[in-house]
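Quick note: the sequence shown uses numbering that gives the first Met the number 0, first residue 0, plus one each step.
Ideal Cβ placement from N, Cα and C applies to all residues, glycine included.
One structure below.
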Amino acid sequence: MKISAAVLRGPEDLYSIEELDLPEPDAGQILVRIVASGFCHTDAVPRRAPADAAFKPLVTGHEGAGIVERVGADVSNIVVGDHIILSYDSCGECARCLAEQPFFCDHFVSLNIVGADQQNSSTTDAGGGSVRTRWFGQSSFATYAIANVRNSTVVDKDLPLETLCPLGCGIQTGAGTAANIFGIVPGQSLVVFGTGGVGMAAIMMARALGADTIIAVDLKQGRLDTARECGATHTVLAGTEDVETVVAEAAPGGVDFSFDTTGRPDILLQAVNCIRQGGVCAQVGGTKDLVIPAVALNGKMLTRVIEGNAVPQKFIPQLIGLWRDGLLPLERIIKTFPLADINAAEQASADGSVIKPVIVPRRA
């Protein structure tokens, strides 16, 4: 079928809006009319492809939400007309998936980013060339997408998909870090470095879980003001205030948890220094080598986060419940863009002027 999609043809290229020919859903797949899709920093990963790599045109987007229009063979638990929030893909067959840990799927990278399913696609452009449309099992910067049952969560039809689409990755990652990795309980403390969508979700969830001290660190005062509205009890304007001094005053002895969403090695060391002995530091984002002095980790734990250790079909409904209760105020961080303005949305995501851009394919 003919669809409109934002195609990335090279690491330095702007997205181009093109007409593509999308195949019919195969067994275990569904065709989704995309209502909205969040722009996540991970959507910029293809721009960091090695210079000697043969870049293949692709459609990114992996926080899609929409309405099911067709189902393939062997699909019984999703029907035409269902409203869906899409998330990461998993195989469902490896030991980790069978242990209900799809975020540790043996084939996570293959299915979501660089594997054979990503390299080969029967989707074609106007000239008959192949375009990859299996990014995170969805490629949702388009009017329609093929998704798998395993990366789809059915939600109530009265929910605003433009608001809730980021639950599929960024929000689930931040909130999941607070809930599933840290396991925050009332009275505990947290410092978050970087108040983008992931960091802001961690702040929201920490407040919902009853954290007593929540410290937000960022370079932008406007984002820190929003962090206050979302649950931060203290803020630190990076480059102007010393975060370790603020932490020492707010949580003598160190915070229970720290979360670095910047991906910068120097910031990660700060994040480790801020936690008490027995505390946990989590890190997400970035691709640079991380060098930490051994002594800095004495009695402390450090982990890299994958999707907030969240099982989407279980965690997304929990997040929706928090949103309904006013504890996940996503409206404060979202700005929508029509598909035609996807390059402006990407720039807003990169420069931090918008915390969570959301692409709305059919918006005029």
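Please state if the CB of residue j and the CB of residue i are separated by a distance shorter than 9 angstroms.
i: phenylalanine 333; j: proline 101; result: According to the sequence as given, residue 333 is isoleucine; it is not phenylalanine. Their beta carbons are not under 9 angstroms apart, which means isoleucine 333 does not touch proline 101 by this criterion.
i: alanine 295; j: glutamine 282; result: no
i: threonine 142; j: isoleucine 2; result: yes
i: leucine 338; j: alanine 207; result: no
i: cysteine 229; j: phenylalanine 258; result: no
i: alanine 4; j: phenylalanine 140; result: yes
i: glycine 65; j: valine 113; result: no
i: glutamate 99; j: valine 310; result: yes
i: leucine 170; j: alanine 210; result: Here residue 170 is isoleucine; the residue named in the question, leucine, does not match the sequence. No, they are not a contact pair.
i: glycine 285; j: threonine 261; result: yes
i: serine 89; j: asparagine 179; result: no
i: alanine 174; j: phenylalanine 38; result: no
i: leucine 189; j: alanine 201; result: yes
i: glycine 60; j: isoleucine 84; result: no
i: glutamate 243; j: cysteine 273; result: yes
i: aspartate 20; j: threonine 123; result: yes
i: leucine 160; j: alanine 35; result: yes
i: phenylalanine 336; j: proline 316; result: no
i: asparagine 297; j: threonine 176; result: no
i: leucine 321; j: methionine 203; result: yes
Reducing DSSP to helix, strand and coil, say where residue i ends up.
i: aspartate 340; result: helix
i: glutamine 28; result: strand
i: isoleucine 333; result: strand
i: alanine 363; result: In this prediction, alanine 363 scores a pLDDT of 40, lower than 50, which makes its location untrustworthy; the coordinate-derived value is nonetheless stated afterwards. Coil.
i: leucine 318; result: helix
i: lysine 355; result: strand
i: isoleucine 266; result: helix
i: threonine 239; result: coil
i: glutamate 17; result: strand
i: cysteine 280; result: strand
i: threonine 260; result: coil
i: threonine 41; result: helix
i: leucine 296; result: helix
i: valine 184; result: coil
i: valine 34; result: strand
i: valine 58; result: coil
Could you tell me which of the options sits nearest to residue i, measuring between CA atoms?
i: isoleucine 354; options: Asp265, Thr123, Asp224 and Asp155; result: Asp224
i: threonine 132; options: Leu7, Ala94 and Glu248; result: Leu7
i: serine 352; options: Arg222, Ser15, Gly320 and Leu267; result: Arg222
i: leucine 268; options: His106, Ala249, Phe192 and Val154; result: Phe192
i: threonine 41; options: Arg32, Gly196, Ala237 and Ala35; result: Gly196
i: methionine 300; options: Arg323, Arg275 and Ala201; result: Arg275
i: arginine 323; options: Glu23, Glu345, Ala48 and Thr162; result: Thr162
i: alanine 250; options: Asp265, His233 and Asp81; result: His233
i: proline 56; options: Asp288, Asn76, Glu11 and Ala72; result: Glu11
i: glycine 342; options: Gly9, Ser15 and Met0; result: Before going on, a small fix: residue 342 reads as asparagine here, not glycine. When each option's Cα is compared against that of asparagine 342, the closest is Ser15.
i: proline 22; options: Thr172, Gly298, Ile145 and Asp51; result: Ile145
i: leucine 289; options: Ile266, Tyr87, Phe135 and Thr194; result: Ile266
i: proline 360; options: Ile33, Val148, Met0 and Val79; result: Ile33
i: glycine 186; options: Thr194, Arg227 and Thr212; result: Thr212
i: glutamate 18; options: Arg69, Gly127 and Asp241; result: Gly127
i: arginine 263; options: Phe54, Lys287 and Gly252; result: Lys287
i: glutamine 220; options: Asp241, Ala237, Gly278 and Ile214; result: Ala237
i: phenylalanine 135; options: Ser109, Asp155, Leu13 and Ala125; result: Ser109
i: glycine 365; options: Ile358, Asp340, Glu306 and Arg331; result: Since the displayed the chain opens at 0 and closes at 363, residue 365 lies outside it and no answer follows.
i: lysine 156; options: Ala215, Gly91 and Asp81; result: Asp81
i: tyrosine 87; options: Ser138, Val246 and Asp241; result: Ser138
i: arginine 46; options: Thr152, Ile77 and Gly9; result: Gly9
Is residue i near the ligand ZN, going by C-beta to nearest heavy atom under 8 angstroms?
i: threonine 122; result: The ligand ZN is not among the ligands present in this structure, which contains no ligands whatsoever.
What runs of the alpha helix (DSSP H), each 4 residues or longer, lie entirely inside the segment 123-181?
160-163 and 169-175
Evaluate the contact criterion for the segment 18-28 versus the segment 340-352: three or more CB pairs, one atom per stretch, below 8 angstroms.
The answer is no - the segment 340-352 does not touch the segment 18-28, with fewer than three Cβ pairs under 8 angstroms.
Suppose only complete runs of 4+ residues qualify. What are the alpha helix (DSSP H) ranges in the segment 196-230, listed by chain order?
196-207 and 220-229
Which runs of the alpha helix (DSSP H) fall wholly inside the segment 60-124 and span at least 4 residues, in chain order?
94-97 and 115-118
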